[in-house]
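Here is the structure we will look at.
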Amino acid sequence: MDTQVRDETGEGTPRWGERQTAVLEAALSLLVEGGERALTTAGLARRANCSKESIYKWFDDRDGLLAAMVAFQAGKVRAPSAGERPMGREAFRGNLVTFAHDLLDVLAGEVSLAMNRLAIGTASREDARLGRLVLERGRRLIGIRAGALIEAGRSQGFIAYENRDDAFRTLYGLIVQDMHVRLLLGETLGADERDFARRASKAVDRFMHLYGSDAARGQTEETEGN
Numbered sequence: 083m084d085t086q087v088r089d090e091t092g093e094g095t096p097r098w099g100e101r102q103t104a105v106l107e108a109a110l111s112l113l114v115e116g117g118e119r120a121l122t123t124a125g126l127a128r129r130a131n132c133s134k135e136s137i138y139k140w141f142d143d144r145d146g147l148l149a150a151m152v153a154f155q156a157g158k159v160r161a162p163s164a165g166e167r168p169m170g171r172e173a174f175r176g177n178l179v180t181f182a183h184d185l186l187d188v189l190a191g192e193v194s195l196a197m198n199r200l201a202i203g204t205a206s207r208e209d210a211r212l213g214r215l216v217l218e219r220g221r222r223l224i225g226i227r228a229g230a231l232i233e234a235g236r237s238q239g240f241i242a243y244e245n246r247d248d249a250f251r252t253l254y255g256l257i258v259q260d261m262h263v264r265l266l267l268g269e270t271l272g273a274d275e276r277d278f279a280r281r282a283s284k285a286v287d288r289f290m291h292l293y294g295s296d297a298a299r300g301q302t303e304e305t306e307g308n
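Read left to right, the sequence shown gives residues 83 to 308 (the working numbering).
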């Protein structure tokens, strides 16, 4: 895909122009409405009001389009990081909360649910490409970006851990809990459970309690007590 570029983290998260974004949004809506069978080049060209030639130029083939769709959806989960620049503790916590809120929003959305249900339903096939793409271009890219944020927090002394992957899995579990599985099985969340701002903040506070350095943990507990 000649339109793919790397984001500011350098981790290969793709970004697209306005026309490519419109095509990806149209492709995701077709997937939600009719599953993978509805995702034909002709149907997508009609929905996105573009030519089939443009779709092939931008995404190469069907696998390229599916990979772009998964990465585009995963890209909606932000994990802002200051990189090597100094970052205050509250800014770090705020970035974690942004990540947590975005993750809940995306996983609870109809696009993510449709994509994951389809990936699960086709997982037993020999060519179960969608499941592999969801792991490689979805969960893995989210983990890379969140891992960079977690690493930035450790480098500035806000948290401490022995294994970054373990720390990320803990953060992910605190945020998502069993919500995604329940939604995939058709359960509807109550109003309190849909308060993603509260859930995100609470998950991050728990993460900071588990992994925060002594000074950072003391500040977190003081904030919670007020």
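All C-beta atoms, glycine included, are put in the ideal place defined by N, C-alpha and C.
Let me make sure I understand the geometry here. Which of the options has the alpha-carbon closest to that of residue i?
{"i": "Asp-263", "options": "Ile-202, Glu-100 and Glu-172", "result": "Reading off the sequence shown, one finds Val at residue 263, where the question assumed Asp. The residue with the shortest Cα to Cα distance from Val-263 is Ile-202."}
{"i": "Gln-102", "options": "Ala-130, Val-114, Ala-120 and Leu-121", "result": "Ala-130"}
{"i": "Ala-210", "options": "Ala-249, Asp-145, Arg-227 and Gly-268", "result": "Asp-145"}
{"i": "Arg-119", "options": "Ala-196, Arg-171 and Phe-141", "result": "Ala-196"}
{"i": "Gly-116", "options": "Ser-295, Thr-252, Glu-192 and Gln-259", "result": "Glu-192"}
{"i": "Arg-276", "options": "Tyr-243, Asp-143, Val-258 and Leu-106", "result": "Val-258"}
{"i": "Ala-149", "options": "Gly-220, Tyr-254 and Asp-274", "result": "Gly-220"}
{"i": "Ser-295", "options": "Gly-235, Asp-274, Tyr-138 and Met-261", "result": "Gly-235"}
{"i": "Ile-226", "options": "Pro-162, Ser-133 and Ser-237", "result": "Pro-162"}
{"i": "Ser-237", "options": "Met-261, Arg-171, Asp-184 and Gly-268", "result": "Arg-171"}
{"i": "Leu-106", "options": "Leu-256, Leu-147, Asn-177 and Asp-260", "result": "Leu-147"}
{"i": "Met-169", "options": "Asp-142, Asp-184 and Gly-239", "result": "Gly-239"}
Please go through the same chain and pick out, in chain order, the residues whose beta-carbon is closer than 8 Å to the beta-carbon of residue i, but skip the five residues on each side of it.
{"i": "Arg-128", "result": "none"}
{"i": "Tyr-293", "result": "Ile-241, Ala-242, Tyr-243, Ala-249 and Thr-252"}
{"i": "Thr-270", "result": "none"}
Helix, strand or coil: which one does DSSP assign to residue i?
{"i": "Gly-225", "result": "helix"}
{"i": "Gly-170", "result": "coil"}
{"i": "Gln-301", "result": "Low per-residue confidence applies at Gln-301: pLDDT is 48, beneath 50, and the placement is therefore not dependable, though the value from the model is reported in the following sentence. In this structure, Gln-301 counts as helix in the three-state DSSP scheme."}
{"i": "Gly-268", "result": "coil"}
{"i": "Gly-294", "result": "strand"}
{"i": "Asp-84", "result": "Note on Asp-84: pLDDT 41, under 50, position unreliable in the model; no value is reported."}
Quick one: residues in its chain with C-beta nearer than 7 Å to the C-beta of residue i, no 5 flanking neighbours on either side, listed in chain order?
{"i": "Arg-281", "result": "Leu-186"}
{"i": "Val-188", "result": "Gln-155, Lys-158, Val-159 and Ser-194"}
{"i": "Arg-175", "result": "Val-286 and Met-290"}
{"i": "Leu-121", "result": "Ala-109, Leu-112 and Leu-113"}
{"i": "Glu-233", "result": "Arg-246"}
{"i": "Asn-198", "result": "Val-216 and Leu-266"}
{"i": "Gly-229", "result": "Arg-246 and Phe-250"}
{"i": "Asp-184", "result": "Lys-158, Val-159 and Arg-160"}
{"i": "Ala-104", "result": "Ala-130"}
With distances taken between CB atoms, is the gap from residue i to residue j smaller than 8 Å?
{"i": "Ala-190", "j": "Leu-126", "result": "no"}
{"i": "Phe-181", "j": "Leu-231", "result": "yes"}
{"i": "Thr-123", "j": "Lys-134", "result": "yes"}
Keeping to the same chain, check which residues put their C-beta closer than 6 Å to that of residue i; ignore five residues upstream and five downstream.
{"i": "Gly-213", "result": "Ala-201 and Ala-205"}
{"i": "Arg-288", "result": "Leu-256"}
{"i": "Leu-178", "result": "Val-286"}
I'd like the span of the alpha helix (DSSP H) that includes residue i, first residue to last.
{"i": "Ile-137", "result": "134-141"}
{"i": "Asn-198", "result": "192-203"}
{"i": "Leu-147", "result": "144-156"}
{"i": "Ser-111", "result": "100-116"}
{"i": "Ile-257", "result": "246-258"}
{"i": "Gly-125", "result": "123-130"}
{"i": "Arg-211", "result": "211-215"}
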